[in-house]
Every structure is written in structure tokens, then in C-alpha cells.
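Q:
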Ligand code: DAT
Ligand code: MG
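In C-alpha cells, the structure reads:
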């Protein structure tokens with residue numbers, strides 16, 4: 001995995017509200033190339049593994065419940081400085097703190113249901129991409 005890639009999920013709330021098209025448009029307009037993409041639904045075991053780093057946090061149960069309640073769009077994105085630039089594009093974890101024009105400011109309901117995921121490091125981008133996609137499904 002090159003370090004100019006990041007991993008994203010459009011989370012169940014964004015999909016439920018019909019925001020897939022608008023969010024993908026914003027991602028493309030911001031210079032990211034889609035390397036891999038699918039509509040999928042995480043199982044409880046998937047979400048517990050994906051978010052294992054948070055398993056001692058008080059919100060962990062709610063997070064797993066939320067992330068498994070419906071389909072998500074999982075995607076791998078490519079751009080120079082992808083991880084950092086995508087975190088800027090999505091905005092702060094809590095949409096109340098997110099900058100104007102960011103995806104979370106525009107589409108997130110709350111800190112718990114915040115519309116979109118973005119990897120926080122090149123290492124995690126590689127791990128998270130491999131969690132959802134085989135190498136032959138990344139272009
Ligand atoms: P981010 O998604 O911005 O990387 P994170 O890794 O700290 O944020 O947390 C992962 C997810 O867990 C986050 O997108 C939503 C949920 N979460 C984080 N902090 C929370 C809190 N205080 N209350 C409820 N859910 C929270
Ligand atoms: Mg995170």
C-alpha cells in the first residue's frame with residue numbers, strides 16, 4: 001500500500017439519509033481518486049475488530065450497534081498527502097466542532113453518528129484497506 005492512500009467509510013447514517021452521491025461528489029471534487037469501493041454491511045465481529053482500539057471506551061457498544069445497523073460504503077482513496085488531507089476534508093470527530101464546509105459539518109448528526117470515517121495514519125490506512133479489500137480489488 002502506497003502512503004498516498006487512505007481508507008474511508010460512508011457510515012450507516014449517511015447511507016440511510018441518501019447522502020452517498022453528495023459525499024462522493026465532494027470527495028472527487030477535492031482531488032481524491034477512488035481506488036476501491038463497495039456497498040457492504042459490517043457484522044458485529046467486523047465492527048468489534050475494526051474499532052478494537054476503542055473497546056474499553058464507554059461508547060463502544062453504541063459504536064458497534066451503529067456501525068452494523070445498515071450498509072456502508074467502504075472505499076480506498078488516492079491523493080498526495082491523502083491521510084491528512086482527507087481528515088481535513090471530513091472535519092472534527094464531533095460535527096459541532098467541525099469546520100464549515102467539511103463533510104461532518106454538512107452531513108453528520110452527532111459525535112456518535114458522524115457520517116464518515118477517515119484513517120488517522122498511513123499504517124492504519126493500509127490495515128483498514130486490507131480489512132475490507134483484497135489486493136486485486138484495489139485499482
Ligand atoms: P474519528 O472517527 O474522528 O477518527 P475516533 O477514532 O476518536 O474518531 O473515534 C471513532 C468513532 O467512535 C467516532 O467516529 C465516533 C465514535 N466516538 C468517538 N468519540 C465518541 C464519544 N465521545 N461519544 C460517542 N461516540 C464517539
Ligand atoms: Mg479514528
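Numbering (UniProt numbering), first residue to last: 1 to 139.
Backbone N, C-alpha and C define an ideal beta-carbon position, used for all residues, glycine too.
Note that this is a predicted model, so its numbers are computed, not measured.
Only counting the same chain, and skipping five residues up and downstream in sequence, which positions put a Cβ closer than 6 Å to that of residue 7?
A: Residue numbering aside, residue 7 sits at position 7 when the chain shown is read from its first letter. Within the same chain, residue 7 has close Cβ partners 76, 119, 125, 128 and 129.
Q: Identify every run of the beta strand (DSSP E) within the stretch 16-43, keeping only runs that are complete inside it and at least 3 residues long; order them along the chain.
A: 33-40
Q: Hey, residue 73 and residue 20 are a contact pair by Cβ (cut 8 Å); roughly how many whole angstroms apart?
A: Position 73 of the chain shown, counting from 1, holds the residue named residue 73. Position 20 of the chain shown, counting from 1, holds the residue named residue 20. 6 Å between Cβ atoms; contact.
Q: Under the assumption that residue 103 contacts residue 116 (Cβ atoms under 8 Å), give the Cβ distance between them as a whole number of angstroms.
A: Counting from 1 along the chain shown, the entry for residue 103 is found at position 103. Counting from 1 along the chain shown, the entry for residue 116 is found at position 116. At roughly 5 Å, the Cβ-Cβ gap stays under 8 Å, so residue 103 and residue 116 are in contact.
Q: Considering only C-alpha positions, which residue in the set 49, 27 and 11 is nearest to residue 40?
A: Reading the chain shown from its first residue, position 40 is the one you call residue 40. Residue 11 is the option with its Cα nearest to residue 40.
Q: Going by the C-beta, is residue 63 closer than 7 Å to any heavy atom of ligand 1?
A: Here residue 63 is taken as the residue at index 63 of the chain shown, counted from 1. Yes - ligand 1 has a heavy atom lying nearer than 7 Å to the Cβ of residue 63.
Q: For residue 9, name the three-state secondary structure that DSSP assigns.
A: Residue numbering aside, residue 9 sits at position 9 when the chain shown is read from its first letter. Of the three classes helix, strand and coil, the one that applies to residue 9 here is strand, per DSSP.
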